[in-house]
Each structure stands twice: as C-alpha cells, then as structure tokens.
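Sequences listed follow chains A and B, in order.
Following our numbering, the numbering of the first sequence begins with 2 at its first residue and continues without gaps.
Following our numbering, the numbering of the second sequence begins with 41 at its first residue and continues without gaps.
Beta carbons: idealized from backbone N, C-alpha and C, even for Gly.
Step one of this worksheet: look at the structure below.
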Amino acid sequence: MAHDTRSRVSRNLHDTRRLAVWTLAWLVTLALVAFGPVLLWDKNPLITGALIVLNLGIGSGMIIANIRFVAGLDDLQRQIQLEAMGIALGVGLIVGLSYSMLDITDLVAWNAEISHLVFVQGFTYLGAVLLASRRYQ
Amino acid sequence: MKNRLKVLRAERDWTQAQLADALDVSRQTINAIEKGKFDPSLPLAFRSARLFNCRIEDIFEDDGD
Numbered sequence: 002m003a004h005d006t007r008s009r010v011s012r013n014l015h016d017t018r019r020l021a022v023w024t025l026a027w028l029v030t031l032a033l034v035a036f037g038p039v040l041l042w043d044k045n046p047l048i049t050g051a052l053i054v055l056n057l058g059i060g061s062g063m064i065i066a067n068i069r070f071v072a073g074l075d076d077l078q079r080q081i082q083l084e085a086m087g088i089a090l091g092v093g094l095i096v097g098l099s100y101s102m103l104d105i106t107d108l109v110a111w112n113a114e115i116s117h118l119v120f121v122q123g124f125t126y127l128g129a130v131l132l133a134s135r136r137y138q
Numbered sequence: 041m042k043n044r045l046k047v048l049r050a051e052r053d054w055t056q057a058q059l060a061d062a063l064d065v066s067r068q069t070i071n072a073i074e075k076g077k078f079d080p081s082l083p084l085a086f087r088s089a090r091l092f093n094c095r096i097e098d099i100f101e102d103d104g105d
C-alpha cells in the first residue's frame, strides 16, 4: 500500500476541502436544474436534460469524494461516521416511509416532498456525529 | 479490551498528542483507547506494538467481553 507522507491533519483537510468543492458543485447544478427551466432557459428540454446528466455526473464525483474522505479518517473517526451514517439511513427510511404514509392516507394536508427527507437525514446525521463524538470523549 | 497504552506513554513522558502523531491518528482516538471506550483496529494495534517495540498482547489484553 502506498504511504502518504503528509500529516494526518493535512490529508484530512485536503479530503474535506475536496468533498466540500464537489458538494458545492452538485448543489449549484441541482439549483440550476430546479430553477433554471423557468428563470433562465424557458423550459428548453435539451438544456434541462443536459444539466440533469451533469448533475448526476457531479453527484457521482461527490460520492467518490465522500468515500475518499471516510477512507482518510482514522479508526475512531471512521467508526463515528459509520454510526452516524447508519442512523441517518435508518431514520431516513423509517421516518420517510411513515411520512409518505401520512401523505398517502391524507392525514396531513401538505405533500410529502423528497426535500423534507433530505432535511431529516441531514440533521439526523449531524446530530449523530455530535453525539457519537461526545460518547467517545 | 484492557490496554497499557497510558502506562507505556507515561513511561516515555509523551503527551496524547505526541503519541497520536507517532501513530498517525487523532488525539481523540488515543484518549478513547486509553479510557477503554474504543478498541483499535488490527493495523493500529500493530503500529502501536512497533512503536513501543513490544508484542500486541503486551499492550492489549482481551477482557473476555
């Protein structure tokens, strides 16, 4: 296995920055796909389709950057990430399906949007990282 | 798992940060291992043994959990 001679902090910083850049690029293309058809190119299907493909491509890059970020962490940090991601995935699945059922059965007046699920997963992941970090202190 | 990391570190008068640098992990990881809250991976256990010039079982001891 190739040995990276940079310090652990330097490597982590580099991986974090790379992940942030990919995430930002993904968010920008997502916003373009969401708002561009109405605000920028008058619903031209070719431009919209091309941007969706670009969004998928950049999303793939973001996933790879995240894998590299996790791989660059040390034992404990990786354990914390594993626990947080597991909790976020589980909560997203359980809460997401229950929320969807509320919508399907008309127990809530609004539509269950996928963006609500993203918020739930995001905040669950953040909370789980903070809690796990505290537990191992 | 019980371990003698804190004792070995104290014998050399190292701080947690110095040991963390030597083992290429975070200080939080060293602290968690010393307190018995986290068990290291096999590669980290091997690195620790190499650093302290002893066997893995001289540092880490299975407590039967």
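Starting from Thr49(A) and walking both ways along the alpha helix (DSSP H), at which residues does that stretch end?
Residue numbering aside, residue 49(A) sits at position 48 when the first sequence is read from its first letter. Here the alpha helix (DSSP H) through Thr49(A) covers 46-72.
List the residues of chain B whose Cβ lies closer than 9 angstroms to the Cβ of Gln138(A), in chain order.
Your numbering for residue 138(A) matches position 137 in the first sequence. At a beta-carbon threshold of 9 angstroms, the residues of chain B lying near Gln138(A) are Gln68, Asn71, Ala72, Lys75, Lys77, ordered along the chain.
What does a CB cutoff of less than 7 angstroms around Leu91(B) pick up in its chain, not counting 5 residues either side in sequence?
Along the second sequence, one-based indexing puts residue 91(B) at 51. Once the five neighbours on either side are set aside, the close Cβ partners of Leu91(B) are Ala62, Leu63.
Exposure of Leu74(A), with buried meaning 16 or more beta-carbon neighbours within 10 Å:
On the first sequence, position 73 is the one that residue 74(A) refers to. Counting Cβ neighbours within 10 Å, Leu74(A) comes out buried, since at least 16 surround it.
Closer than 7 angstroms at the beta carbon, the chain A residues around Leu84(B)
In the second sequence, the residue the question calls residue 84(B) occupies position 44. Those are Asp76, listed as they occur along chain A.
Applying a beta-carbon distance threshold of less than 8 angstroms, which residues of chain B neighbour Gln80(A)?
The residue you call residue 80(A) lines up with position 79 of the first sequence. Within chain B, the residues near Gln80(A) are Phe78.
Compare the C-beta of Ser81(B) with all C-beta atoms of chain A and state if any pair is closer than 8 angstroms.
Taking the first residue of the second sequence as 1, we reach residue 81(B) at position 41. Closer than 8 angstroms: yes.
Taking 8 angstroms as the CB-CB limit, is Val47(B) close to chain A?
Working through the second sequence from its first residue, we reach residue 47(B) at position 7. By this cut-off, Val47(B) is not an interface position.
Could you give the DSSP three-state label for Asn93(B): helix, strand or coil?
For the purposes of this step, residue 93(B) is taken as the residue at position 53 of the second sequence. It is coil, neither helix nor strand.
Mark Arg18(A) as exposed unless 16 or more other C-beta atoms lie within 10 angstroms of its C-beta, in which case mark it buried.
For this step, residue 18(A) is matched to residue 17 along the first sequence. Exposed, since its Cβ has fewer than 16 Cβ neighbours within 10 Å.
Compare the Cα-Cα distances from Ala32(A) to each of Gly62(A), Arg12(A), Leu55(A) and report the closest residue.
Here residue 32(A) refers to the residue found at position 31 of the first sequence. Of the candidates Gly62(A), Arg12(A), Leu55(A), the one whose C-alpha sits nearest the C-alpha of Ala32(A) is Leu55(A).
Using beta carbons (cut-off 8 angstroms, strictly below), is Arg9(A) in contact with chain B?
On the first sequence, residue 9(A) is found 8 positions in, with the first residue counted as 1. Chain B, which has a Cβ nearer than 8 angstroms to the Cβ of Arg9(A), makes this yes.
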